[in-house]
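A.B. asks: Shown below is the structure under consideration.
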Amino acid sequence: MNKYRTHTCGDLNLKHKGSEIALSGWINKKRDHGNLLFLDLRDNYGLTQCVIDKSNSIFKNLEKLPLETVIKVVGTVVERTKETINKNINTGEIEVLINKVEILGATKELPMPVFSDQEYAEEIRLKYRFLDLRRKKIHQNIILRSKVISFIRSEMQNLGFLEFQTPILTSSSPEGARDFLVPSRLNPGKFYALPQAPQQFKQLIMVSGFDKYFQIAPCFRDEDARADRSPGEFYQLDLEMSFVEQEDVFNIIEKLFVKLFRKFSNKKILNEIFTRITYSDAMLKYGTDKPDLRNPLQISDLTEIFKREDVKFEIFKKLVKSGCIVRCLVTKNTKEKPRSFFDGIDNWAKEQGSSGLAYFTLEKNDKISAKGPVGKFFSEESLKEIMNLSKAETGDTIFLSCGKKVEVEKLLGQARDKIADELKLIDENLFSFCWVVDYPMYELDEISKKIKFSHNPFSMPQGDLKNLDLSDPLNLKAYQYDIVCNGVELSSGAIRNHIPELMYKLFEIAGYSKTDVQQKFSGMINALSYGAPPHGGIAPGIDRIVMLLADEKNIREVTMFPMNQNAQDLMMNAPSSVSDEQLKELNINLKKKN
RNA sequence: GGGGGUGUAGCUCAGUUGGUUAGAGCACGUGCCUGUCACGCACGGGGCCGAGGGUUCGAGUCCCUUCACUCCCGCCA
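Numbering (our numbering), first residue to last: 81 to 674.
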């Protein structure tokens, strides 16, 4: 028998009544009655109440042990009387009568309590992450994460995918996020980059003939953090398949996700065949390419209304003449809402840096009229047309935004969330998935006015590849897709372009010469020239999936050792300075701070 | 890089129009208590009120600067 324990703190029940056992764990909580002491012992598996009274000579010493001391308890399992059974814990029918105790790990005074449901400042939690991770909620989240990853692994293997590792030290690529760089000692002045994703490698694996690949892959991007975005590093379920079309990828993911979300959450999945929305529809109706479909609010375009003679809203009409657009958001049956509700939304919009949201409520007495600050500008006929375009009815309120397309999309997209939140329109007990499809291949860079890739430059364009019309690149769509759940972007993916000649043409449009492409993407473009299979894939974010399953709003709640917003590890003190010798070896001189 | 929020005991927080010695709960220490499971009761130690400057007879409170954390924008193919 092991010298520390015969059972874990979650094991014991009435079957063990009368047996001599040993448990090891942390003192979770003490209840000291002076001559009788209850002591809850905790380990990864559960909680067991241990009890001792003053007749035992170690009683006095045990009383004084601080919470979170690690001890070994030797004692007898006894049945609790009916009145003292604790139904909240698995071991609640018994308790352990303490005979002997050994201190295995002493503790200093705790900088933060472990036994408490209280929320604590992030700073202290991250500095003492090992204490924080003992706490119930986050401990369970991390266990959930482990189980989710195991489940994904076994499902992927069942689906015929092979798991491979790809290099962590690789080359910097010109597209995408900022790279983390690693100086090379053997190649002075040169740098490795940590992979933003194993993008090129997974395509190379397809060219190598392995047919189906997956990996729980670490990805590194040196960009600023958000609540749902860890600074520095995160994990993707990276997968790639040969001889597939978009539908095949969707099929695999839908199967996997439905199984996964059913297994690890009690929430309902709204649509087991995931809704499909084109990128342009998503931007129009939801103002974002990651719409939360639990939210019933929709956006409609009303630009044409402001070209009518019988609409006198001069500010908007003038803006429309100069090329601006007008779109609206409709809230159902909000005629009884107080003025403060509408003004609150308007003020919020102004805080977002916009000129605000004009609004009116549709009413019907003899005829249809609009009530509200800007209601008087609209004729009955124009209101009927607005109702027709926006599917609004009397009693509904129309919120209007006018401006440049990107600004209107963004503001109304955010307003959709804000208003749904205020009106409590979101069913928190649902998972609502959608595919966003038909992304444009290119977009216009606002600053340089140059054409650039809107997503992955290796995506396959849609259309007849033999006679592809490249004269209007901004209208070219790609086999590029995103999967979104409850407004959280889980993944991007694409059918890849495996035809080198086509790739050169597409890169040329984005301003890369053939030589550029050969240099920057030499590994891949070379490989594609030696018999590459058509292939495609996707890479769902593991952290975000676990975040949804654990019902957390912050990714650090499902990450064991996260960094803070400034990309520092407060526990390990990373990043840190290094010695002059280390720098010298790497041929690096540091610039002095001014 | 920009905007918002927060910063008071080891931890979570209160602190009024600027006004005596800055409070509470948990934790810690001492004592009492034999059936608790957020045990209870009494007493106690513990504070550069994030830092610096200013206004004032007087600043935790008002003003300026700055730092830290956090949320958001930019950024994240």
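Built from N, CA and C at the ideal position, the CB exists for glycine as well.
Using the Cα positions of residue 99 and residue 341, report the straight-line distance between them to the nearest angstrom.
C.D. replies: Residue 99 and residue 341: Cα-Cα distance of roughly 41 angstroms.
A.B. asks: Rounded to the nearest angstrom, how far is the Cβ of residue 92 from that of residue 101, given a contact under 8 angstroms?
C.D. replies: Right, their Cβ atoms sit about 7 angstroms apart.
A.B. asks: If residue 534 sits next to residue 521, beta carbons under 8 angstroms apart, how far is it from one beta carbon to the other, in whole angstroms?
C.D. replies: The Cβ separation is near 7 angstroms, so the contact holds.
A.B. asks: Given a cut-off of 8 angstroms, decide if residue 493 and residue 442 are closer than it, judged by their beta-carbon atoms.
C.D. replies: In this structure, residue 493 does not lie closer than 8 angstroms to residue 442 by Cβ.
A.B. asks: In or out: residue 201 buried (at least 16 other Cβ within 10 Å) or exposed?
C.D. replies: Classification of residue 201: exposed, given that the 10 Å Cβ count is below 16.
A.B. asks: Starting from residue 130, follow its DSSP beta bridges and name the residues at the other end.
C.D. replies: DSSP output for residue 130 lists 119, 176 as bridge partner(s).
A.B. asks: Between 376, 477, 627, 278, which lies nearest to residue 246 when the distance is taken from Cα to Cα?
C.D. replies: Here the closest residue by C-alpha is 278.
A.B. asks: Using DSSP with H/G/I as helix, E/B as strand and the rest coil, what is residue 165?
C.D. replies: It is coil, neither helix nor strand.
A.B. asks: Distance, Cα to Cα, residue 463 vs residue 351?
C.D. replies: When rounded, the distance between both Cα atoms is 35 angstroms.
A.B. asks: Could you check the C-alpha separation between residue 382 and residue 497 for me, to the nearest Å?
C.D. replies: Cα-Cα distance, rounded: 20 angstroms.
A.B. asks: Take residue 89 as the anchor and find which of 115, 125, 397, 96 has the nearest alpha-carbon.
C.D. replies: Answer by Cα proximity: 125.
A.B. asks: Quick one: which unbroken beta strand (DSSP E) runs of 3-plus residues sit fully inside the stretch 551-613? Chain order, please.
C.D. replies: Those beta strand (DSSP E) runs which fall completely within the stretch 551-613 and span 3+ residues are 560-565, 568-575.
A.B. asks: With a Cβ-Cβ cutoff of 8 angstroms, do residue 635 and residue 265 count as a contact?
C.D. replies: No, these two residues do not count as a Cβ contact at 8 angstroms.
A.B. asks: Who pairs with residue 511 in a beta bridge, going by DSSP?
C.D. replies: Bridge partners of residue 511: 349.
A.B. asks: So is residue 96 buried or exposed if we call it buried at 16+ other beta carbons inside 10 Å?
C.D. replies: That one is buried.
A.B. asks: By alpha-carbon positions, which one of 149, 160, 150 ends up nearest to residue 131?
C.D. replies: Closest option to residue 131, Cα to Cα, is 160.
A.B. asks: Tell me the residue span of the beta strand (DSSP E) that contains residue 525.
C.D. replies: From DSSP, residue 525 is part of no beta strand (DSSP E); its letter is neither H nor E.
A.B. asks: I need the boundaries of the beta strand (DSSP E) containing residue 107, first residue and last residue.
C.D. replies: Residue 107 -> beta strand (DSSP E) spans 100-112.
A.B. asks: The beta strand (DSSP E) that contains residue 320, what's its start and end?
C.D. replies: Where residue 320 is concerned, the enclosing beta strand (DSSP E) stretches over 312-322.
A.B. asks: Which partner residues of residue 481 appear in the DSSP bridge assignment?
C.D. replies: Answer is 407.
A.B. asks: Using the rule of at least 16 other Cβ atoms within 10 Å of the residue's Cβ for burial, across every protein chain shown, is residue 450 buried or exposed?
C.D. replies: Buried, by the Cβ-count rule.
A.B. asks: Closest by CA to residue 127, which one among 142, 85, 172, 155?
C.D. replies: Here the closest residue by C-alpha is 172.
A.B. asks: Would you kindly work out how many angstroms separate the C-alpha atoms of residue 252 and residue 603, rounded to a whole number?
C.D. replies: Going by the C-alpha atoms only, they are around 12 angstroms apart.
A.B. asks: Determine whether the beta carbon atoms of residue 608 and residue 287 lie at a separation below 8 angstroms.
C.D. replies: A contact, by the Cβ cut-off of 8 angstroms.
A.B. asks: Thinking residue 667 and residue 268 are a contact (beta carbons under 8 angstroms), I'd like their distance in whole angstroms, please.
C.D. replies: Between residue 268 and residue 667 the Cβ distance is about 4 angstroms, and since that is below 8 angstroms, they are a contact.
A.B. asks: Provide the residue(s) that pair with residue 539 in DSSP beta bridges, ordered along the chain.
C.D. replies: Residue 539 pairs with 576.
A.B. asks: Leaving out the 5 sequence neighbours to the left and right, which residues in its chain are closer than 8 angstroms to residue 69 when beta-carbon positions are compared?
C.D. replies: No statement about residue 69 is possible, as the shown extent of the chain runs from 81 to 674 and does not include it.
A.B. asks: Would you grab the beta carbon distance between residue 517 and residue 358 for me? Rounded to a whole angstrom, and I think it's under 8 angstroms.
C.D. replies: Correct: roughly 6 angstroms between the Cβ atoms.
A.B. asks: DSSP three-state label for residue 708, please.
C.D. replies: The requested residue 708 does not occur in the structure, where the chain is confined to residues 81 to 674.
A.B. asks: Measure the CB-CB distance between residue 106 and residue 85 and report whether it falls below 8 angstroms.
C.D. replies: No, Cβ-Cβ distance for residue 106 and residue 85 is not below 8 angstroms.
A.B. asks: Under the three-state reduction of DSSP, which class applies to residue 382: helix, strand or coil?
C.D. replies: Residue 382: coil per DSSP, three-state reduction.
A.B. asks: Let me make sure I understand the geometry here. Which of 244, 276, 248, 270 has the alpha-carbon closest to that of residue 259?
C.D. replies: Of 244, 276, 248, 270, the residue nearest in Cα terms is 276.
A.B. asks: Just to confirm, are residue 162 and residue 181 a CB contact at a threshold of 8 angstroms?
C.D. replies: No, Cβ-Cβ distance for residue 162 and residue 181 is not below 8 angstroms.
A.B. asks: Rounded to whole angstroms, what's the CA-CA distance from residue 656 to residue 504? Just pull it up for me.
C.D. replies: Distance between the alpha carbons of residue 656 and residue 504 is about 46 angstroms.
A.B. asks: Closer than 8 angstroms is the cut-off here; do at least three beta carbon pairs connect the stretch 645-662 with the stretch 216-232?
C.D. replies: Flag = no, the stretch 645-662 and the stretch 216-232 do not touch.
A.B. asks: Using DSSP bridges, identify the partner residues of residue 294.
C.D. replies: DSSP output for residue 294 lists 243, 319 as bridge partner(s).
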